[in-house]
Every structure is written in C-alpha cells, then in structure tokens.
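Below is one structure, written out as structure tokens, with a few remarks after it.
Residue numbers (UniProt numbering): 1 to 98.
Laid out in structure tokens, this is it:
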C-alpha cells in the first residue's frame, strides 16, 4: 500500500524544515510575533496549515523575505533539501554603495 504524502503542513514545522529558523520553538515564536504573512494575511497561529503554492512574507533579522512554497517534507533534511522546499521571490533591495 503506497504511503500518502501530505499536502499541507503546520507553518512552524515548514519554517523549521526549510531552515528559515534553527529550531521549531523559534519558528513558533516568529509566527506568534506577527512576523509571518501567508498569502498576504498575517498569521498568529503556528498551527496554521500551508502547502505548495502558498506565498510567505517573513520579517526576519531586519530583512524582508518572500518565499513561494514548492514542497513539504515530513522530516528536516540537509540544507540542499531545505532549499528545494521554496522559491525565493524576495525583492532585490539595492544596497547603498560604500
């Protein structure tokens, strides 16, 4: 019998699996602080479900990151695996010349 791959996942788990945060606890705190938007709507519950195609806007370390979720996985993997979970569509903000 084939194993079904889930189509949706808790937001905090996805952030941790995608290596946006170092721990799941930090992912929960990030969401609950109001620093994450899903498809343009602020989310305050770390158990909010996300899946492929959803857009995330994350304010982290004084940077704005915009990701489109490409996939979800059951376990946290290597950085290479994590990079395949999203498409980075963050705006290129020009840095001032020194």
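By construction, the Cβ of each residue, glycine as well, lies at the ideal position given by its N, Cα and C atoms.
Please report the straight-line C-alpha distance between residue 62 and residue 40, rounded to a whole angstrom.
Between the alpha carbons of residue 62 and residue 40 lies a distance of about 19 Å.
Spatial neighbours of residue 55 within its chain, please: C-beta separation below 6 Å, excluding the five flanking residues on both sides.
Excluding residues within five positions, the ones whose Cβ falls inside 6 Å are 39, 68.
Less than 8 Å between the C-beta atoms of residue 50 and residue 57, yes or no?
By the CB criterion at 8 Å, residue 50 and residue 57 fall outside the cutoff.
Express the C-alpha separation of residue 28 and residue 34 in angstroms, rounding to a whole number.
Note on geometry: alpha-carbon atoms of residue 34 and residue 28 lie some 10 Å from one another.
Backbone CA spacing between residue 70 and residue 12 [nearest angstrom]
Spanning the two alpha carbons is a distance of roughly 16 Å.
Identity of the residue in 59, 73, 83 nearest residue 91 by Cα:
Put simply, of 59, 73, 83 the residue whose alpha carbon is nearest the alpha carbon of residue 91 is 59.
If you compare alpha carbons, which of 85, 89, 87, 14 is closest to residue 46?
Measuring C-alpha to C-alpha distances from residue 46 to each of 85, 89, 87, 14 identifies 14 as the nearest.
Does the separation of the CB atoms of residue 18 and residue 64 fall below 8 Å?
Result no, Cβ atoms of residue 18 and residue 64 do not sit closer than 8 Å.
Range covered by the alpha helix (DSSP H) that runs through residue 15
Residue range 11-17 is occupied by the alpha helix (DSSP H) that includes residue 15.
Look up residue 81 in the DSSP assignment and say whether it is helix, strand or coil.
Residue 81 falls in the helix class under three-state DSSP.
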